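Since the structure comes first, as structure tokens, the remarks are kept for the end.
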Amino acid sequence: MALRLEAHHMSFPVRDLARSRAFYEGVLGLAAIPRPALGIPGVWYRAGACEVHLIETPPGVDVGVPAPTLTPLAGHAAFAVDDYEATLKHLREHLSEVLATSPQRGQIWVRDPDGHVLEFIVPSEP
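With numbering that gives the first Met the number 0, letter number 61 in the sequence shown gets 60, and the count goes up by one each step, no holes.
Below, the structure is given as structure tokens:
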């Protein structure tokens, strides 16, 4: 039997939930969705058919360190966008740094406040 797989959510550990909310809501425009009481601070968002979960980690909890440079060997999350130029303009207006761009492939890479690499991509036709 073949498994039916579909991405459900991506989860990021964050150190400062308010700072992360300002980024994901204020810069990316995501709206919070209901989240069950899990006993740890966090917020959930919907991005298309997928959810984005932010979980605030307490001081002293080791959650790893994002890669110091943009590399295909490090994990990242990708968001599909419709308009490359408008997305690039918006991100440059709101962020101090855009890590890299690839206009030929419709890709833009940035970091969130905790250093997680986010890609914005205009999907190519299959």
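Backbone N, C-alpha and C define an ideal beta-carbon position, used for all residues, glycine too. It should be emphasised that the depicted structure is a prediction, and the values quoted were computed from it without experimental measurement.
Cβ pair residue i, residue j closer than 9 Å
| i | j | result |
| --- | --- | --- |
| Leu53 | Leu4 | no |
| Val116 | Gly74 | yes |
| Val121 | Asp81 | yes |
| Glu124 | Ala76 | no |
| His89 | Cys49 | no |
| Thr100 | Leu87 | yes |
Residue i versus residue j: straight-line alpha-carbon distance, rounded
| i | j | result |
| --- | --- | --- |
| Phe78 | Arg45 | 11 Å |
| Thr35 | Trp43 | Looking at the sequence shown, residue 35 is not Thr but Pro. Roughly 10 Å between the two C-alpha positions. |
| Pro102 | Gly28 | 23 Å |
| Gly41 | Phe22 | 14 Å |
| His93 | Ala1 | 43 Å |
| Val62 | Ile32 | 24 Å |
| Gly59 | Arg91 | 33 Å |
| Met9 | Gly47 | 12 Å |
| Leu37 | Glu24 | 21 Å |
Selected residue, minimal CA-CA separation from residue i, among the options
| i | options | result |
| --- | --- | --- |
| Arg20 | Met0, Leu37, Glu55, Ser95 | Glu55 |
| Pro67 | Asp113, Ser95, Leu90 | Asp113 |
| Val51 | Leu37, Gly38, Ala30, Ile39 | Ala30 |
| Ile39 | Val64, Pro57, Pro33, Cys49 | Pro57 |
| Leu11 | Gly47, Val64, Pro33 | Checking the sequence shown, residue 11 turns out to be Phe, not Leu. Comparing Cα-Cα distances from Phe11 to each of Gly47, Val64, Pro33, the minimum goes to Val64. |
| Ala85 | Met9, Ile107, Leu72 | Ile107 |
Own chain, CB closer than 8 Å to residue i, minus 5 neighbours either side, in chain order
| i | result |
| --- | --- |
| Glu96 | Val109, Arg110 |
| Leu72 | Ala66 |
| Leu98 | Leu69, Trp108, Val109, Arg110, Val116 |
Same chain only: Cβ atoms within 7 Å of residue i, ignoring 5 sequence neighbours per side
| i | result |
| --- | --- |
| Gly192 | Any question about residue 192 goes unanswered here, given that the chain covers just 0 to 125. |
Cβ shell of residue i (< 6 Å), same chain only, five flanking positions each side left out
| i | result |
| --- | --- |
| Val13 | Ser19, Leu53, Glu55, Asp113 |
Residue-level contact to chain B via CB, residue i, 9 Å cutoff
| i | result |
| --- | --- |
| His7 | Checking the listed chains, one finds no chain B in this structure; it contains a single protein chain. |
Next item on the list: Please go through the stretch 83 to 123 and give each complete beta strand (DSSP E) segment of 3 or more residues, from N-terminal end onward.
Entry: 99 to 101, 106 to 110, 116 to 120
Note to self: Please give me, in chain order, every unbroken run of the alpha helix (DSSP H) with length at least 4 that falls completely inside the stretch 1 to 54.
What the structure shows: 16 to 20
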